[in-house]
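The sequence shown finishes on residue 355 if you use the numbering used here, and the numbering steps up by one all the way, no holes.
Think of the CB as a built atom: it goes at the ideal place given N, C-alpha and C, for glycine as much as any other residue.
Have a look at the structure below before the remarks.
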Amino acid sequence: MSETKKWYESEGEKSDVVISTRIRLARNLNGYPFPHLMNQAQMNEVCQKVRDALIGGNSAIRDSFRYVEAEKLSPVELASLAGRHLISPEFANAPKGRALLLTEDESVCIMINEEDHVRIQVMGSGMQLEKAYDMADKIDTILDETLNFAFDEELGYLTACPTNLGTGMRASVMLHLPASEADGTLRRVAASLGKIGATIRGSYGEGSQSVGAMYQISNQVTLGISERDTISNLTDIANQIISLEKKSRGQLLAGESYQDTIWRALGILKTARVMSSGEFAGLYSALRVGVAEGLVKGVTLGQLGEAYERVQPARLMEQYGEDMNSSQRDKKRAEILRSIFKNTDIA
9 MSETKKWYES EGEKSDVVIS TRIRLARNLN GYPFPHLMNQ AQMNEVCQKV
59 RDALIGGNSA IRDSFRYVEA EKLSPVELAS LAGRHLISPE FANAPKGRAL
109 LLTEDESVCI MINEEDHVRI QVMGSGMQLE KAYDMADKID TILDETLNFA
159 FDEELGYLTA CPTNLGTGMR ASVMLHLPAS EADGTLRRVA ASLGKIGATI
209 RGSYGEGSQS VGAMYQISNQ VTLGISERDT ISNLTDIANQ IISLEKKSRG
259 QLLAGESYQD TIWRALGILK TARVMSSGEF AGLYSALRVG VAEGLVKGVT
309 LGQLGEAYER VQPARLMEQY GEDMNSSQRD KKRAEILRSI FKNTDIA
């Protein structure tokens, strides 16, 4: 039986610029303190209650999930999950008393006892905020029927961090913005996002830096606004940024310099014997533009997404040996990339 295709191996709407979409809902159970104040017995109880509410009931999606106790995973397995944005680094660094509910295609991951009792996360390739929200809302409804989430008529859903009060929802899109980054458009846009209820962060969220010109745009306001209005607002903002990126790309690709950067990136990826993760990020960014703009043939954006996930440090160690040092990882990364890109060429 073939392995289930992961969500990041496919392409979605506007995938030339939009890498992925994520909806996250923060929820807490009545009768329990927030996770940072719970004792071990309480953490275990919450894990069991959430597990039973989703896969112990009669919902149509119950069989789609597997339950994973975080402390039974190795540090490398936890790091690999964090690298794929399925769990937070904070969750990975303190796994005791925490658990996951995860679908096989990894499009849905529910963290139990992270900052809040429940973090429902739905991810998808390309621009699909509405679809991702519909799934998150469905799971939220199933869980709330049994768990009775903490809710206040004025404040909305009660959360450990006051900035999440209200809907408890963070909607985000991961955008690939190399041209906007290069010509200064991104800097000008970032300065004004806060005025319209959004924020821009690096590849791994708050406090992180961009890797390979990938940026996360998300809503900043959760109180006094509905989930649907939040999604509509974020969609409008993302579409404007996408339009600006496409305009900047047209100007960037009009000359031969960036086209040469794309073809050099392809040549290195096809032939290199050693490849660090940092070097790959830059080459990946250039090649992704080449594939998206039809300058490179023999590989799809979905295959690029798969390649990106396969060669991350923790993922390599998870697949090929947890004792791999950086030199061994760099050699294995180059070997994998040569295999992936051997049949690619200039269009």
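Check, Outcome
"Using only CA atoms, which one of Lys255, Ile225, Arg346 lies nearest to Val282?", "Arg346"
"Under three-state DSSP, which class holds Leu163?", "coil"
"Suppose you measure from the CA of Val307 to the CA of Glu122; what does that come to, to the nearest Å?", "37 Å"
"What's the call for His44, buried or exposed, on a 16-neighbour Cβ count within 10 Å?", "exposed"
"With Arg281 as the anchor, note down where its alpha helix (DSSP H) starts and where it stops.", "No alpha helix (DSSP H) contains Arg281, which DSSP labels as neither H nor E."
"Is Met51 helix, strand or coil by DSSP?", "helix"
"Cα separation between Ala355 and Pro186?", "21 Å"
"Under a Cβ-count criterion, where at least 16 other Cβ atoms within 10 Å of its own Cβ denotes burial, should Cys169 be classed as buried or exposed?", "exposed"
"Taking only runs of the beta strand (DSSP E) that begin and end inside the stretch 212-266, which ones reach a length of at least 3 residues, in chain order?", "222-227"
"Is Asp113 helix, strand or coil by DSSP?", "coil"
"Under the three-state reduction of DSSP, which class applies to Tyr141: helix, strand or coil?", "helix"
"Which full runs of the beta strand (DSSP E) of 3+ residues lie inside the stretch 280-323, going along the chain?", "none"
"Below 8 Å on the Cβ atoms is my contact criterion, and I expect Tyr223 with Leu252 to pass it. Report the Cβ-Cβ distance as a whole number of Å.", "Not a contact, Cβ separation roughly 12 Å."
"Apply the 10 Å Cβ neighbour rule to Ser18 and answer buried if 16 or more other Cβ atoms are within range, or exposed otherwise.", "buried"
"Measuring only the C-alpha atoms, how far is Pro83 from Ala107?", "14 Å"
"State the Cα-Cα distance for the pair Thr167 and Gly275, rounded to the nearest angstrom.", "49 Å"
"Could you check how far apart the C-beta atoms of Phe73 and Leu110 are, in whole angstroms? I think they sit under 8 Å.", "7 Å"
"For Gly132, list the residues DSSP reports as bridge partners.", "Thr29"
"Buried or exposed for Glu326, please, with buried defined as at least 16 other CB atoms from any protein chain shown within 10 angstroms of its CB.", "buried"
"Kindly indicate the opening and closing residues of the alpha helix (DSSP H) around Ser180.", "First-last for Ser180: 177-184, but that is the beta strand (DSSP E), not the alpha helix (DSSP H)."
"Work out the CA separation of Thr230 and Thr269 for me, nearest whole Å.", "41 Å"
"Does the distance from the CB of Pro103 to the CB of Leu81 come in under 8 Å?", "yes"
"Quick one: using the 10 Å Cβ neighbour count with 16 as the cut-off for buried, is Lys340 buried or exposed?", "buried"
"With burial defined as no fewer than 16 other Cβ atoms inside 10 Å of the residue's Cβ, what is the status of Gln259: buried or exposed?", "exposed"
"Determine the extent of the beta strand (DSSP E) in which Thr207 is found, giving its start and end residues.", "206-209"
"Under 8 Å between the Cβ atoms of Thr243 and Gln228?", "no"
"Tell me which same chain residues have a C-beta within less than 6 Å of the C-beta of Thr193, skipping the five on either side of it?", "Leu252, Ser256"
"Could you check what DSSP says for Tyr75 in three-state terms: helix, strand or coil?", "strand"
"Please state if the CB of His125 and the CB of Leu62 are separated by a distance shorter than 8 Å.", "no"
"Report buried or exposed for Ser180, applying the criterion of at least 16 other Cβ atoms within 10 angstroms of its Cβ.", "buried"
"Answer with buried or exposed for Lys14, where buried requires no fewer than 16 other C-beta atoms within 10 angstroms of its C-beta.", "buried"
"Please report the distance separating the alpha-carbon of Ala289 from that of Tyr316.", "8 Å"
"Kindly indicate which three-state DSSP category Gly275 falls into: helix, strand or coil?", "helix"
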